[in-house]
Structure formats: structure tokens, C-alpha cells
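First the structure, in the form of C-alpha cells, and then the observations on it.
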Amino acid sequence: MSGYAHLSIDTVADYLASTPEVRDLVDTSALVDIREVGDGNLNLVFIITDAAGRGVVLKQSLPYVRLVGPVWPMTPERARREAHANRAHARFAPSAVPHVHHFDTERYIITMEDLSDHTVWRTALNSGLRHDGAAEALGDYIARIAFGTSVLGAADPEAHKLRVAAAINPELCTITEDLVFTEPWVDAGRNSVLPDNAVDARAVADDAFMVARIGMAKWTFMTRAEALIHGDLHTGSVMVRAGGDGRVDSVRAIDSEFAFYGPIAFDLGALWANYVIAAARAGALGEGARMRWCLNLISGTWHAFESTFRQQWPQRCDPRVFTDDVGERLLAQWQEEAWVFAAAKMTRRIIGLAKASDIETLDPQVRVGAARAVLRTAALAVRECCADADPDRLIGLAGEQIAAHT
Ligand code: SR1
Ligand code: MG
Numbered sequence: 010m011s012g013y014a015h016l017s018i019d020t021v022a023d024y025l026a027s028t029p030e031v032r033d034l035v036d037t038s039a040l041v042d043i044r045e046v047g048d049g050n051l052n053l054v055f056i057i058t059d060a061a062g063r064g065v066v067l068k069q070s071l072p073y074v075r076l077v078g079p080v081w082p083m084t085p086e087r088a089r090r091e092a093h094a095n096r097a098h099a100r101f102a103p104s105a106v107p108h109v110h111h112f113d114t115e116r117y118i119i120t121m122e123d124l125s126d127h128t129v130w131r132t133a134l135n136s137g138l139r140h141d142g143a144a145e146a147l148g149d150y151i152a153r154i155a156f157g158t159s160v161l162g163a164a165d166p167e168a169h170k171l172r173v174a175a176a177i178n179p180e181l182c183t184i185t186e187d188l189v190f191t192e193p194w195v196d197a198g199r200n201s202v203l204p205d206n207a208v209d210a211r212a213v214a215d216d217a218f219m220v221a222r223i224g225m226a227k228w229t230f231m232t233r234a235e236a237l238i239h240g241d242l243h244t245g246s247v248m249v250r251a252g253g254d255g256r257v258d259s260v261r262a263i264d265s266e267f268a269f270y271g272p273i274a275f276d277l278g279a280l281w282a283n284y285v286i287a288a289a290r291a292g293a294l295g296e297g298a299r300m301r302w303c304l305n306l307i308s309g310t311w312h313a314f315e316s317t318f319r320q321q322w323p324q325r326c327d328p329r330v331f332t333d334d335v336g337e338r339l340l341a342q343w344q345e346e347a348w349v350f351a352a353a354k355m356t357r358r359i360i361g362l363a364k365a366s367d368i369e370t371l372d373p374q375v376r377v378g379a380a381r382a383v384l385r386t387a388a389l390a391v392r393e394c395c396a397d398a399d400p401d402r403l404i405g406l407a408g409e410q411i412a413a414h415t
């Protein structure tokens, strides 16, 4: 599994030239730029540009977790799962994902569309940029893949079950089960916080109510195969491009290597958590209006998700028993579940491995308060979601915590 050649700056041109399926994407005899840009936790990513301005991306999974190194082996099969999920999502939301040109089954290399005219959304958010419309585009994307890949969109339920089985992603799910749903509460030696946040991390670990709610969310994550979800939809897994009018004109969900048939609300909660984290950064920097803009992304994603889901609902398979009442119940259930998934995602990015640059790049003097606000929001979210799961309440609650601690 690990005996395949890893790409390097020196070998990508040869790879392109010698791979018939991709060699015409750029002029390999006139390359002007080759860069390794992988800033995620797992993979190698190269952008290759030719003299005519054509570009292509090569993404290769390594047999280990890049963030940690070879001491943490990890299946390179994740690249196959990403290519598969990307293509499946493209059937239902073609403008929301990068185009995959080719997948190399022997070297675990995905050749895909160059998105150099886009920016990673987290980077844009950290720079104080606004891409109005991005949160809504992502809500639309989640609804389209939720509907299209679930039984609601499955004309043949037996074929659907085979698709569920084919998309199983055990190793990457284990990462999420450990890092998102377990380790922030049960330290496995990978947690870290600033000394002044140790009291906050302790409070989280001692919060028996929260542990039980997160435990239920982990159960849902591990047992509920609703749809082929993205599985890691944080703002670093999104690329945005600004249009001329100040609004976003392209939004792409990238890095779907964590995809599997899981709970739909997990993708919603992942985004919500990262919006709260972006808002906490804005609060720590004294940018009140921007803090509110970041928090309002929560309702932007939810309402677009709900709207697209409702638009698709009349096309569902088996309306005999999937009645309108079922549709309403599903939306209500996902809305409440998203709060708890968001709480887990907020907590892991503050306490556990693989933190968020939004917070980490803050001066420690203000980072403590921002981290505390995120953790308090998470602890309140698992309590408050049962009473009324309207996302506007989460916005209010997070705003209060950020105002109180930054
Ligand atoms: C060991 S991988 C750490 C994290 O990076 C990915 O983006 C996922 O969020 C994962 O939990
Ligand atoms: Mg990633």
C-alpha cells in the first residue's frame, strides 16, 4: 500500500507527460510554474501552470497523516474515496465541486481542475474579506447532495444500498470519531491549549451533560447512513471567488476525502462551527460588525439548505410514506442535530489536534478570550438546542459569548 512513488516538484512534469489521460491538460514542454501548496493536514497538492496560462492540480494522498508524519500511518485509499465522492456530488451539484479529470488508482493521484482564481475561504475570512453568498451556496450544495444521494433520490433502493456499502470510509471516519467526538473530552495526548485556557478545557472535560450529548452525536455519526456527506466541510475545505459586484461568483467544496454515508446535519454543523470561530476572531480583533456578519452566515447556510431541500421534495422517491409530514420532521431533526455537531466541531478546533488558524494566528492576549467564547458557545449549544433549534438563537447565543469574552 505504501510502495508507490510520491510526487515531488521535480517529478510532476514527467507524471503529466507520461499519463495519457491528463497529458493534454497543460503543455508539459512549456511549464512556467510548479508549486506544492498543500496546506491541509493530510496530502500533497501541486499546481502546475503552462506558458499559455493553463493550469492543473495534482493531489496525492500519502500513506500517513502529513500533519504528524509517518508515525501516524493512514490509508492512501482516501484519494479514491475523494474522487468517488467528488464525482457523485458533481451529479447533483456540478458547480459546487472541482472537476476531477482523472484518478490514478496505483499512485493515488487525483488530477483536477485548477482553482487558482479562487481563495481558500478560511484564508479570505482571516483577511477580513467578505464573500456574500458563499454561505447560501454551501447550504444549497448540502441540500442537493443530501437529497440526491439519499433514499429520497434513489429510484432503486437495492442499488442505493450497494452505493452505501461501496462508499464506506472506515479509517477517515475513525479520525473524526476520535478527534471530533472523543478527544476534546478524553485527552489522548493530542490536546493543547494556552495556559490561560486550561481552566476552560477542564470545564469541557468535566461537563457530564455535554459528554452525553456529544456521545449521542457520535452514535448518530457512526450509525446513521443518510446520505453521501462531504464529511469535513469546514471553511478550509471551501474555495471562493469574488465576482465583480462584491458577491461571490463561485464556491467549491474541496477535499471530500472524509465522505461517507453519514448524517446530513454533520456538514451543516461543521460550517456553523467554523462561522462561530471566524466570528470569535472578529470579536477578538474588535470588529463588531464583522463579527455579526460572520454569525449571520449560520442562518444563510441553513435557510438556503432548507429552501433547496423544499424545492426538491416534490421529486422524492416513494411519497406513499415519505409524506410532507416526514419532510418537516426531517428538517426539524437536522436543525437540532446541527447544533450538537457544531458544538463538537467548535470544541475540537480549540482543544484538540488540527486547530483553526482563525484563532491560532491571534495574539495570545486576545486568543484566550476568543477560544473561551467558542468553548462557552459549544457548551451552551448542547443545552439550548432542545428548547428551540432556530439558528437565529445560536447566532444570538454565540454573539453574547463573544461579546462577553473578547
Ligand atoms: C489527522 S487529520 C486532522 C483533521 O484534518 C482534516 O481536515 C479533518 O478535519 C481532520 O479531523
Ligand atoms: Mg482537508
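Okay, so the sequence shown: first residue is 10 according to the numbering used here, each after it adds one.
Virtual Cβ for every residue (Gly too), placed ideally from N, Cα, C.
- Take the alpha-carbon of Asp215 and the one of Trp194: they are about 8 angstroms apart.
- One thing to note: His414 has its Cβ within 8 angstroms of the Cβ of Arg381.
- Within the chosen limit of 7 angstroms, the ligand MG reaches the beta carbon of Gly49 through at least one heavy atom.
- Per DSSP, Glu369 is one residue of the alpha helix (DSSP H) stretching across Ser366 to Glu369.
- With respect to the C-alpha of Leu134, the residue from Glu296, Phe55, Phe156 and Ser70 having the closest C-alpha is Glu296.
- With respect to Val247, Trp130 sits close: the two C-beta atoms are nearer than 8 angstroms.
- The DSSP-derived three-state label of Tyr117 is coil.
- Secondary structure at Leu71: coil, using DSSP grouped into helix, strand and coil.
- When only Cα atoms are considered, Glu167 and Gln324 end up about 19 angstroms apart.
- If you draw a straight line from the Cα of His312 to the Cα of Phe156, it comes to about 16 angstroms.
- Residue ranges of uninterrupted beta strand (DSSP E) with 3 or more members, entirely inside the region 212-247 and ordered along the chain, are 236-238.
- Judged by their CB atoms, Val249 and Ala143 are nearer to each other than the 8 angstroms cut-off.
- From the listed residues Ala39, Asp367 and Ala268, the smallest Cα separation to Ala175 is found for Ala268.
- In the structure shown, Pro79 adopts extended strand secondary structure according to DSSP, grouped into three states.
- Collapsing the DSSP output to three states places Asn52 in a strand.
- At a Cβ-Cβ threshold of 8 angstroms, Ala412 and Ala387 do not count as neighbours.
- Annotated three-state conformation of Leu40 is strand, per DSSP.
- Remark: C-beta atoms of Thr317 and Asp149 approach each other more closely than 8 angstroms.
- Look at the beta carbons and you see the region 198-210 not touching the region 106-120: under three pairs across the two are nearer than 8 angstroms.
- Taking the CA atoms as reference points, Gly245 sits about 11 angstroms from Tyr284.
- Here the C-alpha atom of Ala407 lies approximately 14 angstroms from the C-alpha atom of Ala398.
- Per DSSP, reduced to three states, the secondary structure at Thr58 is strand.
- DSSP places Ala287 in the helix class (H, G or I) of the three-state scheme.
- Taking a C-beta distance under 8 angstroms as the contact criterion, Ala99 and Cys326 do not qualify as a contact pair.
- Here the alpha carbons of Ala26 and Thr58 stand approximately 13 angstroms from one another.
- Per DSSP, the continuous beta strand (DSSP E) segment holding Phe269 begins and ends at Phe269 to Gly271.
- Val74 and Glu145 have their C-alpha atoms roughly 32 angstroms apart.
- By alpha-carbon distance to Leu71, the top candidate from Asp42, Asp333 and Asn52 is Asn52.
- The Cβ atoms of Phe350 and Ala279 sit closer than 8 angstroms to each other.
- The residues Asp141 and Gly142, in chain order, have a CB closer than 6 angstroms to that of Arg256 in the same chain once the five nearest residues on each side in sequence are set aside.
- Counting other Cβ atoms within 10 Å of its Cβ, Glu266 reaches 16 or more and is therefore classed as buried.
- Rounded to whole angstroms, the gap between the alpha carbons of Ile307 and Ala39 is 45 angstroms.
- The C-beta distance from His111 to Glu30 rounds to 4 angstroms, short enough to fall under 8 angstroms.
- Comparing alpha carbon positions, the residue from Gly309, Thr28, Asp187 and Ala365 closest to Gly224 is Asp187.
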